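Asks: Sharing a structure here in structure tokens format.
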Amino acid sequence: MDDGPGQRRERLRFTVLGPVRAWRGERELAAGSPQQRALLSALLLRGGRTATAAELVDALWGDAPPHAALAALRTYASRIRKALGDDADMLVSESGGYAIRSADGRPLDLDIDRAEQYAVEAEKAKAAGDRCRARDLLEAALAQWDGEPLAGLGGPYADNQRTRIDEWRRSLTEGRLELELELGCHTEAVSELTSLTAAHPLRERLRELLMLALYRSGRQAEALAVYADTRKLLADELGVDPRASLSELQQRILRADPDLDPPTAPASSRNPAEPVIPRPQQLPATVSDFTGRAAFVAELSEQLATAEGHVMAVSALTGIGGVGKTTLAVHVAHAANRHFPDGQLYVDLQGAGHSPSEPDTVLGAFLRALGVPEASIPDGLDERAALYRSSLAGRRVLTLLDNARDAAQIRPLLPGTEGCAALITSRARMIDLAGAHLIDLDVMSPEEAFTLFTRIVGEERVNAEREASMDVVGACGFLPLAIRIAASRLAARRTWTVSFLARKLADERRRLDELRAGDLAVKATFELGYGQLEPQQARAFRLLGLADGPDLSLAAAAALLDMDTDAAESLLESLVDTSLLESAAPGRYRFHDLVRLYARSCAERDEQPPEERDAALSRLLDFYLASAAQMYMMERPGDSLLDQMETPHYPGLVFANRSEALTWLFGETRCLIACALQNTGPTGLRRAVDLLLLTRDMAESGANNRQYEQANLTLLAAALEADDQHAAGRAHWALSPICTQFGRLSDADEHAKLATLLGLAAGDPFSSSNGPNDRGIIAGIRHHHDEAEAYLNQALVAFRDNRSKQSEASALCNLSRVHLDTGRIDSAIHLAEQGIACYREAGASRRLGNGMYALGMALTLAGRLDEATDQLAAALAIFQDSRQRFWEGMTYLRMAEVDLAAGRPTSAANYAEQALTALRGIGGGRWRADALTTLGHALSQIGHTGRAKVCWQEVMSLREQLGLPADTGVHHLISPAAVA
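For the sequence shown, numbering that gives the first Met the number 0 gives the first residue as 0, with consecutive numbering after it.
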């Protein structure tokens with residue numbers, strides 16, 4: 000961000016004692032790929048001196064540089080300049096090489112430089128006899144480390160520097176511990192020295208200090224045992240004896256040399272009565288490839304910053320296992336350490352496991368870390384908590400409580416005083432933790448996920464297969480743990496392509512098994528949460544995972560679980576609190592994709608008897624079928640399908656009005672289609688087919704017609720495979736109107752013909768009567784008027800035999816269109832009026848719009864334009880209320896035709912434009928061609944002839960693409976003679 004006038008730009012600071020990073024204030028800059036960061040570190044560690052290109056190539060690649068090493072070097076340098084923004088001039092090109100220097104001549108703000116300065120000052124203080132200050136300065140130097148130096152960087156230069164810096168850190172640590180012993184802090188030093196000697200067994204100076212600390216703590220035998228262990232280790236490993244100073248110390252301990260006794264008073268400027276207060280630095284190392292989460296980092300950083308001088312700040316991060324809670328918390332805690340100069344405490348509370356840590360045990364460890372002697376630590380939880388709060392009084396300490404089970408576990412561990420802060424991670428939502436700032440951590444955005452994958456795998460491999468890379472992170476559900484595992488597997492297998500990994504992850508049944516690397520496994524992470532569920536929660540978790548839809552409403556979930564909605568809601572909300580289930584919106588629930596796969600695997604493994612799985616899905620199908628029947632009855636009262644559908648055995652929803660029913664239909668579209676597709680077996684197939692028939696308004700509206708078509712094709716294939724003529728006939732009929740809407744008239748007619756034949760063979764009056772009705776519509780569109788009239792009369796007889804007023808009205812209105820196309824305008828009007836009367840008798844307010852639409856068209860050709868306008872306006876209002884976007888668009892088109900006939904071309908153009916807008920993306924290009932034809936005529940009449948010609952040219956192109964005969968009238972309009 001640019002600084003405004005008069006504002007001072009924040010100075011850049013860099014870190015190498017951990018991940019290589021650049022910061023401007025609290026904002027981390029993008030340091031780029033590992034190779035780019037390796038170049039940055041090589042320049043930072045040269046103290047402003049110029050490094051030649053050859054030196055940098057050797058530093059990054061050693062003896063095996065790539066062919067275009069110099070070009071790569073220039074690219075990395077350019078990217079670093081871009082990342083530095085306004086300070087790009089810090090990266091200097093000179094003498095064929097590069098250097099990083101501050102533009103104002105001041106030294107760089109670099110963590111290793113600060114550490115070196117602290118170390119120099121410590122030597123001066125020690126030489127002056129101020130051992131307390133010397134010890135504090137060495138602590139400040141060591142506090143500059145943030146994990147492994149140059150973390151995540153390869154190359155010979157980084158390896159050598161890492162070794163050098165690690166050795167220096169050990170030397171500083173030994174110097175600080177030596178001062179601790181000189182200041183009388185021998186008891187406190189024993190535990191740290193024990194850990195260090197275990198980590199570095201051949202480092203004799205550490206052994207020497209441990210012996211002295213043990214001796215001064217009254218543990219002479221242990222001190223001598225350390226010497227014996229050291230002598231044996233050196234002989235076995237190196238074939239040498241201990242160094243002289245170590246052997247001499249052993250002899251002095253044996254003699255009880257009084258010079259080894261603890262100092263009587265600290266030799267420093269510190270008040271002798273003032274206790275030595277440790278500053279714990281317990282945070283785990285942050286990851287070098289931390290990615291994204293900028294908003295959460297800013298939010299948490301702001302919360303932690305408020306702890307300074309105010310009441311304790313508590314922030315709780317919640318999310319499913321593997322979503323990156325710990326990674327984010329550790330990253331933020333490291334970034335905020337300057338606000339907590341008195342230290343950082345950390346504990347993994349094991350809340351997701353079977354044996355969570357006890358608060359009193361954790362408090363004991365915290366108290367020891369804060370310098371409380373073992374003998375002074377009380378036994379009871381309340382007493383330890385009180386002493387813990389007292390020990391933190393007046394200090395600024397950050398406590399990271401990782402992987403908490405619940406609020407009860409962490410309440411005793413909260414500092415409770417101003418200046419301190421607690422950062423908590425948990426899979427359980429801490430809604431009962433008073434005063435906490437709660438953050439629900441979701442999966443990464445696709446961009447963040449792709450960036451993380453790229454940082455681990457490498458830009459070259461990812462850029463070569465970007466689409467496959469997106470497939471991989473998509474299969475991982477954008478879950479950070481899953482992405483890290485997949486990327487790590489790929490990075491470790493140079494012969495694998497990204498496409499190969501994508502194919503492996505595409506198999507849902509094997510996906511969780513593939514997401515495993517070393518001790519990291521997505522499945523194991525979910526297993527911890529599942530293992531903590533109560534039996535009723537576990538059953539709900541398993542059964543909910545069986546449903547294929549994107550989410551579930553509360554009512555649908557209650558049906559699946561065979562529970563009343565109140566009990567189901569309590570159960571589902573308890574799963575939300577565990578982060579295994581998400582609340583997508585009030586009253587709606589969903590799984591993360593990988594959690595759903597795990598839940599389903601648990602159902603296959605644990606749900607007993609196995610028939611309960613089928614019963615749960617059958618209840619869900621029945622619930623949707625019964626609810627759809629209620630909606631259909633309100634939209635098409637008296638329709639014969641309601642009497643001829645499969646009978647559901649589980650109740651559905653009851654809607655208060657049509658609007659509520661339609662809201663349910665369009666809100667549940669994806670879930671309804673998913674449920675139908677999940678029931679292609681013999682027990683559910685007919686119910687699934689009927690479910691799609693009852694909900695066909697969602698396809699007729701044009702909003703979901705392609706998904707609806709694909710679902711019906713799948714059910715048709717299943718019906719043919721099962722030789723179920725009843726189900727196949729109905730699936731064929733459902734497909735016919737969709738194909739008509741798309742302009743695929745041959746397919747539509749074939750489906751309608753087969754629906755008729757299979758309906759007759761299966762004794763299904765629904766298919767056998769509706770098939771001819773659709774064939775009549777298709778023949779009419781093709782201008783096969785005699786054929787159309789015959790089919791529609793056949794359908795009319797069948798509908799009247801079935802006493803289906805709705806269907807009878809439909810056939811009458813379709814017959815009206817045939818009469819209209821053959822010049823029988825008066826009879827067309829009469830037939831449409833008969834259709835409207837039938838719709839009114841049936842109480843079909845939604846379908847009444849189709850009757851008015853048919854009458855409006857007939858009145859238009861009769862020249863009764865005002866009446867036509869009234870009928871079409873009424874139809875439009877019905878279609879808009881019913882959310883039938885396709886019919887809304889077609890009505891706008893007919894209103895444009897009325898205005899053209901009435902000599903109102905401007906209004907006609909407006910209606911034609913509205914028709915194009917409503918029909919966009921619906922029904923292929925056939926209806927768009929009709930609307931463009933009318934728009935062209937309107938534009939031509941208002942003098943926009945050039946634009947009119949463009950519209951008509953597009954009409955010709957669309958009709959050619961659809962295989963429709965050319966419109967001779969339009970062809971004539973765009974011919975050169977017509978234009979002239």
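From the three backbone atoms N, C-alpha and C, an ideal C-beta is built for every residue, glycine too.
On a predicted model such as this, the values are computed, not experimentally measured, just so you know.
Please classify arginine 218: does DSSP put it in a helix, a strand, or coil?
Replies: Residue state, collapsed to three classes: coil.
Asks: Below 9 Å between beta carbons: does that hold for isoleucine 482 and leucine 519?
Replies: No.
Asks: For asparagine 270, count neighbouring Cβ atoms within 10 angstroms of its own Cβ and tell me buried if that reaches 16, exposed if not.
Replies: At asparagine 270, the pLDDT of 46 sits below 50, so the modelled position is not reliable; the number obtained from the coordinates is stated separately. The residue in question, asparagine 270, is exposed, as its Cβ has fewer than 16 Cβ neighbours within 10 Å.
Asks: Compare the beta carbon distance of leucine 957 and arginine 927 with 9 Å and say whether it is the shorter of the two.
Replies: Cβ atoms of leucine 957 and arginine 927: closer than 9 Å.
Asks: Which value, in whole angstroms, describes the spacing of the CA atoms of glutamine 160 and proline 106?
Replies: Between glutamine 160 and proline 106, the C-alpha separation is close to 20 Å.
Asks: DSSP beta-bridge partners for histidine 436?
Replies: Histidine 436 pairs with Ser314.
Asks: Taking contact to mean at least 3 C-beta pairs separated by less than 8 Å, is the region 439–456 in contact with the region 314–328?
Replies: Touching, per the Cβ criterion.
Asks: When we look at the beta-carbon of valine 688 and count the other beta-carbons within 10 Å, is it buried (16 or more) or exposed?
Replies: Burial call: buried.
Asks: Of the choices Asn849, Thr916 and Met894, whose alpha-carbon is the least far from that of threonine 859?
Replies: It is Met894.
Asks: Assuming asparagine 813 contacts isoleucine 776 under a Cβ cut-off of 8 Å, what Cβ separation, rounded to an integer in Å, is found between them?
Replies: Contact holds; Cβ gap of about 5 Å.
Asks: Starting from the Cα of proline 771, find the closest Cα among Leu811, Gly742 and Arg743 and give me that residue.
Replies: Cα-wise, what sits closest to proline 771 is Leu811.
Asks: Quick one: measure Cβ to Cβ for glutamate 985 and leucine 875, integer angstroms, because I've assumed they're closer than 8 Å.
Replies: Outside the displayed range of the chain (0 to 979) lies residue 985, so it cannot be described from this structure.
Asks: Could you check whether aspartate 763 and arginine 729 sit closer than 9 Å to each other, using their CB atoms as the reference points?
Replies: Cβ atoms of arginine 729 and aspartate 763: closer than 9 Å.
Asks: If you follow the beta strand (DSSP E) that valine 653 is part of, which residue opens it and which one closes it?
Replies: Run containing valine 653: none; DSSP gives neither H nor E here.
Asks: Near alanine 698, which residues of its chain fall below 7 Å by C-beta distance, leaving aside the five closest residues on each side in sequence?
Replies: For alanine 698, where only same-chain residues beyond five positions count, the Cβ hits under 7 Å are Asn704, Tyr707 and Ile737.
Asks: Looking only at its own chain, which residues have a Cβ that is under 8 Å from the Cβ of histidine 199, when we skip the five neighbours before and after it?
Replies: These residues qualify, in order along the chain: Arg169 and Leu205.
Asks: Within 10 angstroms of its Cβ, does proline 372 collect 16 or more other Cβ (buried), or is it exposed?
Replies: Result: exposed.
Asks: What distance in whole Å lies between the Cβ atoms of leucine 961 and glycine 779, which are believed to be in contact at a cut-off of 8 Å?
Replies: About 17 Å separates the two Cβ atoms, so there is no contact after all.
Asks: Check this for me: beta carbons of valine 239 and histidine 436, under 9 Å apart or not?
Replies: No; because the gap between Cβ atoms is not below 9 Å, this pair is not in contact.
Asks: Which one or two residues does DSSP pair with threonine 424 in a beta bridge?
Replies: DSSP output for threonine 424 lists Leu316 as bridge partner(s).
Asks: In chain order, what residues of the same chain have a beta carbon less than 6 Å from the beta carbon of leucine 866, not counting five sequence neighbours either side?
Replies: Per the sequence shown, residue 866 should be read as glutamate rather than leucine. Only Leu858 meet the Cβ criterion.
Asks: My guess is that alanine 625 and proline 650 are in contact by the Cβ rule of under 8 Å, so how many angstroms apart are they, rounded?
Replies: That belief holds up - the Cβ atoms of alanine 625 and proline 650 are roughly 6 Å apart, short of 8 Å.
Asks: Can you give the beta carbon distance from leucine 652 to alanine 554, rounded, assuming they're within the 8 Å contact cut?
Replies: Yes, they are in contact, since the Cβ atoms of leucine 652 and alanine 554 sit about 6 Å apart, within 8 Å.
Asks: Please list, in chain order, all residues of the same chain as phenylalanine 540 whose beta carbon is under 8 Å from its beta carbon, the five residues on each side excluded.
Replies: Same-chain partners within the cutoff: Tyr529, Leu532, Leu574, Leu579, Leu580, Ala598 and Cys601.
Asks: Can you tell which of Val361, Gln740 and Leu795 has the C-alpha that lies nearest to the C-alpha of serine 815?
Replies: That would be Leu795, whose Cα lies nearest to the Cα of serine 815.
Asks: Going by the CB atoms, is the gap between arginine 685 and alanine 726 shorter than 9 Å?
Replies: A contact, by the Cβ cut-off of 9 Å.
Asks: If you draw a straight line from the C-alpha of arginine 278 to the C-alpha of aspartate 341, how long is it?
Replies: Approximately 5 Å, taken between the alpha carbons.
Asks: Can you pull the DSSP bridge partners for tyrosine 97?
Replies: Paired residues: Ala50 and Ser92.
Asks: Would glycine 968 be called buried (16 or more neighbouring beta carbons within 10 Å of its own) or exposed?
Replies: Counting Cβ neighbours within 10 Å, glycine 968 comes out exposed, since fewer than 16 surround it.
Asks: Considering only residues of the region 852–910, which uninterrupted alpha helix (DSSP H) runs meet the minimum length of 4 residues and lie entirely inside it, listed in chain order?
Replies: DSSP runs (the alpha helix (DSSP H)) wholly in the region 852–910: 864–880 and 884–900.
Asks: Check this for me: beta carbons of isoleucine 430 and aspartate 576, under 9 Å apart or not?
Replies: Yes. Within cutoff.
Asks: Classify leucine 201 as buried or exposed, calling it buried when 16 or more other Cβ atoms lie within 10 Å of its own Cβ.
Replies: Exposed.
Asks: Classify tryptophan 22 as helix, strand or coil using the three-state DSSP reduction.
Replies: It is a strand residue.
Asks: Which same chain residues, not among the five before or five after phenylalanine 837, have their C-beta less than 7 Å away from its C-beta?
Replies: The residue you asked about is not phenylalanine; residue 837 is cysteine in the sequence shown. Taken in chain order, the residues that qualify are Lys804, Glu807, Ala808 and Leu811.
Asks: Relative to the alpha-carbon of asparagine 980, which residue among Tyr117, Glu93 and Val329 has its alpha-carbon at the smallest distance?
Replies: Residue 980 cannot be examined here, being either before or after the span of the chain that is shown, 0 to 979.
Asks: Suppose the cutoff is 7 Å on Cβ atoms and the five residues either side in sequence are ignored; what does the same chain contact list for leucine 39 look like?
Replies: Result list for leucine 39: Val19, Ala30 and Ile79, in chain order.
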